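**Student:** In my numbering, the protein residues as written are -11 to 329.
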Ligand code: AQP
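(1) Confirm the yes/no value for this check: CB of residue 154, any heavy atom of the ligand AQP, distance under 7 Å.
(2) Can you find the residues in the same chain that come closer than 8 Å, C-beta to C-beta, to residue 75, ignoring five residues on each side of it along the sequence?
(3) If you draw a straight line from the alpha carbon of residue 137 to that of residue 73, how long is it in whole angstroms?
(4) Would DSSP call residue 135 helix, strand or coil?
(5) Output the residue ranges of the alpha helix (DSSP H) runs that lie fully inside the region 76 to 116 and measure 4 residues or longer, sorted by chain position.
(6) On the criterion of 16 or more Cβ atoms from any shown chain inside 10 Å, does residue 121 qualify as buried, or is it exposed?
(7) Who are the near neighbours of residue 155 in its chain, counting only those whose CB is closer than 7 Å to its CB and skipping five residues on each side?
(8) Using only the alpha-carbon positions, how far apart do residue 178 and residue 142 sit?
(9) Please determine, among 273, 235, 284, the residue with the shortest C-alpha to C-alpha distance to residue 9.
(10) Look at the alpha carbon of residue 217 and the alpha carbon of residue 186, and state the distance between them as a whole number of angstroms.
(11) Could you tell me which residues DSSP pairs with residue 31 in its beta bridges?
(12) Which class does residue 219 belong to by DSSP, given the choice of helix, strand or coil?
(13) Are there three or more Cβ pairs, one per stretch, closer than 8 Å when the region 110 to 118 is compared with the region 77 to 93?
(14) Between which two residues does the alpha helix (DSSP H) harbouring residue 271 extend?
(15) Since residue 203 and residue 239 are thought to touch, with beta carbons under 8 Å apart, how far apart are those beta carbons, to the nearest angstrom?
(16) With DSSP run on the structure shown, which of helix, strand or coil describes residue 45?
(17) Straight-line CA distance for residue 226 to residue 144?
(18) Compute every distance between the C-beta of residue 332 and the non-hydrogen atoms of the ligand AQP, then say whether any falls below 7 Å.
(19) At the level of alpha carbons, what is the spacing between residue 38 and residue 0?
(20) To the nearest angstrom, how far is it from the Cα of residue 242 to the Cα of residue 58?
(21) Just checking my contact of residue 265 with residue 231 at CB under 8 Å: how many whole Å lie between their CB atoms?
(22) Could you tell me the boundaries of the alpha helix (DSSP H) in which residue 146 lies?
(23) Less than 8 Å separating the beta-carbons of residue 372 and residue 294?
(24) How about residue -5 and residue 30: do their beta carbons lie closer than 8 Å?
(25) Are residue 127 and residue 175 touching if we call contact CB-CB under 8 Å?
(26) Hey, is residue -4 close to the ligand AQP, as in C-beta under 7 Å from one of its heavy atoms?
(27) Under the criterion of a Cβ to heavy atom distance below 7 Å, does residue 247 qualify as lining the ligand AQP?
(28) Following a CB-centred definition, is residue 219 positioned closer than 7 Å to any heavy atom of the ligand AQP?
(29) Which residues mark the beginning and the end of the alpha helix (DSSP H) in which residue 240 is found?
(30) Could you name the residues of the same chain whose beta carbon sits closer than 6 Å to that of residue 246, not counting the 5 residues immediately before and after it, in chain order?
(31) Which residues does DSSP list as the beta-bridge partners of residue 195?
(32) Please report the straight-line C-alpha distance between residue 18 and residue 281, rounded to a whole angstrom.
(33) Output the distance between the C-alpha atoms of residue 65 and residue 296, rounded to the nearest integer angstrom.
(34) Is the beta carbon of residue 186 within less than 7 Å of some heavy atom of the ligand COA?
(35) Does the distance from the C-beta atom of residue 93 to that of residue -7 stay below 8 Å?
(36) For my contact list, residue 318 and residue 131 are in at a C-beta cut-off of 8 Å; report their separation, rounded to the angstrom.
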């Protein structure tokens, strides 16, 4: 038995934003710092997932390589033996396992995925790729027997589907998959009370998103610190007049509090003690703007220092080793379903 696995991936369809960083990248950086040596840490670019929504195919490869450099700039340790960094499409087992899992995933359960409903809404041509996104995600996780998958709140339903599929196949064929931990244990492992759900600064009823054309509501990791601070300072709030953590009635303010909590690493309790009941929204905006611009300055300086050659070498070495690991699981599944003797 190898080390237990922590795994996450972020689509490379566009530049990352603060929601991607706080929901997917930062928890991974912190987990690997805390559990180095005990866990295997897999971080990958799900390039096959990246065109479940529209992309410019001419720039997809370049965008993928740019986004991978972000992981390193954010603090993932390129030299660590326990850390694997790879591109999904370079490991064909992801696609093969997806085709097999498709025959055990139900149309009804996939139709209920809220991300599918949101992303297909109003579209005349909805692709099978978008519909099948959660099955490919299940393959990404199950191939490596990952237990912990740091993702934002928006991916909770997909994680639950992955568990359902693993349990369904295990019940039918014997224990072929390690079942990822449930959401409650995912939160406990990342020491959080709720999943990150960074909202648009312009429209806090919507999540901050790469593909929504809402430049003032989204803080890109490529924004200058000054431009990002400006966006925070003009964030949409409310007329309640008192600061409270309340997603239903004060989503704009709660969004700012959550960004503050995640960037400062203060505990939820400390953040509530510092801000609850205060009346000057402007003070909160200034504090969040300072955190965001300090973070961006440091991150962008790190990004400019990422060495492309080392990155390429890390990818190639990881892809070799991960293909071996993935193929072991795939072979087990192929045998179980009757494709191999
Ligand atoms: N607003 C968010 N708050 C917290 N976490 C978020 N994530 C995405 N948006 C938020 C987390 O980022 C990781 C990567 O997501 P992804 O790109 O693989 O999937 P996505 O949901 O398609 O991301 P976007 O940014 O919303 O992209 P678009 O707009 O292109 O569809 C995941 O951990 C996700 O939880």
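Note that beta-carbon positions come from the ideal geometry of N, C-alpha and C, so glycine has one too. Bear in mind that the values here come from a model prediction, so they are computed numbers and not experimental data.
**Tutor:** Working from what's here:
(1) Residue mapping note: residue 154 aligns to position 166 of the chain shown, counting from 1. Checking every heavy atom of the ligand AQP against the Cβ of residue 154, none is found closer than 7 Å.
(2) For the purposes of this step, residue 75 is identified with residue 87 of the chain shown, where counting begins at 1. Scanning its chain for C-beta atoms nearer than 8 Å, with the 5 sequence neighbours on each side dropped, one finds around residue 75 the residues 32, 33, 35, 52, 56, 303, 307, in chain order.
(3) For the purposes of this step, residue 137 is taken as the residue at position 149 of the chain shown. For the purposes of this step, residue 73 is taken as the residue at position 85 of the chain shown. Looking at the two C-alpha atoms, the distance is approximately 15 Å.
(4) Counted from its first residue, the chain shown places residue 135 at position 147. Reduced to three states, the DSSP call for residue 135 is strand.
(5) 81 to 89, 95 to 99, 102 to 108
(6) Translated into positions along the chain shown, residue 121 becomes position 133. The residue in question, residue 121, is buried, as its Cβ has 16 or more Cβ neighbours within 10 Å.
(7) Taking the first residue of the chain shown as 1, we reach residue 155 at position 167. Within the same chain, and ignoring the five residues on either side of residue 155 in sequence, the residues whose Cβ sits closer than 7 Å to its Cβ are 167.
(8) For the purposes of this step, residue 178 is identified with residue 190 of the chain shown, where counting begins at 1. For the purposes of this step, residue 142 is identified with residue 154 of the chain shown, where counting begins at 1. Roughly 16 Å between the two C-alpha positions.
(9) On the chain shown, position 21 is the one that residue 9 refers to. For the options 273, 235, 284, the alpha carbon positioned closest to that of residue 9 is the one of 284.
(10) Looking up residue 217 in the chain shown gives position 229. Looking up residue 186 in the chain shown gives position 198. For residue 217 and residue 186, the distance between alpha carbons rounds to 16 Å.
(11) Looking up residue 31 in the chain shown gives position 43. Residue 31 pairs with -4, 73.
(12) Numbered from 1 along the chain shown, position 231 holds the residue referred to as residue 219. Helix at residue 219.
(13) no
(14) One-based indexing of the chain shown puts residue 271 at position 283. Start and end: 269 to 292.
(15) Counting from one through the chain shown, the residue named residue 203 turns up at place 215. Counting from one through the chain shown, the residue named residue 239 turns up at place 251. At roughly 20 Å, the Cβ-Cβ gap does not stay under 8 Å, so residue 203 and residue 239 are not in contact.
(16) As a working mapping, residue 45 is identified with position 57 in the chain shown. Looking at residue 45 - three-state DSSP - the assignment turns out to be coil, as it is neither helix nor strand.
(17) Within the chain shown, the letter at position 238 stands for residue 226. Within the chain shown, the letter at position 156 stands for residue 144. Roughly 28 Å between the two C-alpha positions.
(18) Any property of residue 332 remains undetermined from this structure, which presents the chain solely from -11 to 329.
(19) As a working note, residue 38 is residue 50 in the chain shown. As a working note, residue 0 is residue 12 in the chain shown. Cα to Cα, the separation comes out at about 5 Å.
(20) Here the question's residue 242 lines up with position 254 in the chain shown. Here the question's residue 58 lines up with position 70 in the chain shown. Distance between the alpha carbons of residue 242 and residue 58: 27 Å.
(21) As a position in the chain shown, residue 265 is number 277, starting the count at 1. As a position in the chain shown, residue 231 is number 243, starting the count at 1. Contact between residue 265 and residue 231 is confirmed by a C-beta separation of about 7 Å, below the 8 Å threshold.
(22) Taking the chain shown and counting its residues from 1, the one referred to as residue 146 is at position 158. 144 to 161 is the span of the alpha helix (DSSP H), which, as asked, contains residue 146.
(23) Absent from the model: residue 372. The displayed extent of the chain is -11 to 329, so no value can be given.
(24) For this step, residue -5 is matched to residue 7 along the chain shown. For this step, residue 30 is matched to residue 42 along the chain shown. Inclusion of residue -5 and residue 30 in the CB contact set at 8 Å is warranted, their separation being smaller than that value.
(25) Looking up residue 127 in the chain shown gives position 139. Looking up residue 175 in the chain shown gives position 187. For residue 127 and residue 175, no; Cβs fall outside 8 Å.
(26) Indexing the chain shown from 1 puts residue -4 at position 8. Because some heavy atom of the ligand AQP lies under 7 Å away, the Cβ of residue -4 counts as near it: yes.
(27) Taking the first residue of the chain shown as 1, we reach residue 247 at position 259. No, the ligand AQP has no heavy atom inside 7 Å of this Cβ.
(28) Your numbering for residue 219 matches position 231 in the chain shown. Not under cutoff, so the answer is no.
(29) Looking up residue 240 in the chain shown gives position 252. Here the alpha helix (DSSP H) through residue 240 covers 239 to 252.
(30) Position 258 of the chain shown, counting from 1, holds the residue named residue 246. Taken in chain order, the list of residues that qualify is empty.
(31) What you label residue 195 is simply residue 207 of the chain shown in a count that begins at 1. DSSP, once it has assigned bridges, lists 187 as partnering residue 195.
(32) Position 30 of the chain shown holds residue 18. Position 293 of the chain shown holds residue 281. Roughly 20 Å separates the two Cα atoms.
(33) The residue given as residue 65 occupies position 77 in the chain shown. The residue given as residue 296 occupies position 308 in the chain shown. Taking the straight line joining both Cα atoms gives about 14 Å.
(34) With respect to the ligand COA, the structure offers nothing, as its ligand set consists of the ligand AQP.
(35) Walking along the chain shown from the start, residue 93 turns up at place 105. Walking along the chain shown from the start, residue -7 turns up at place 5. It is not a contact, given that the beta carbons lie outside the stated cut-off.
(36) Residue 318 sits at position 330 when you count from the first residue of the chain shown. Residue 131 sits at position 143 when you count from the first residue of the chain shown. 7 Å between Cβ atoms; contact.
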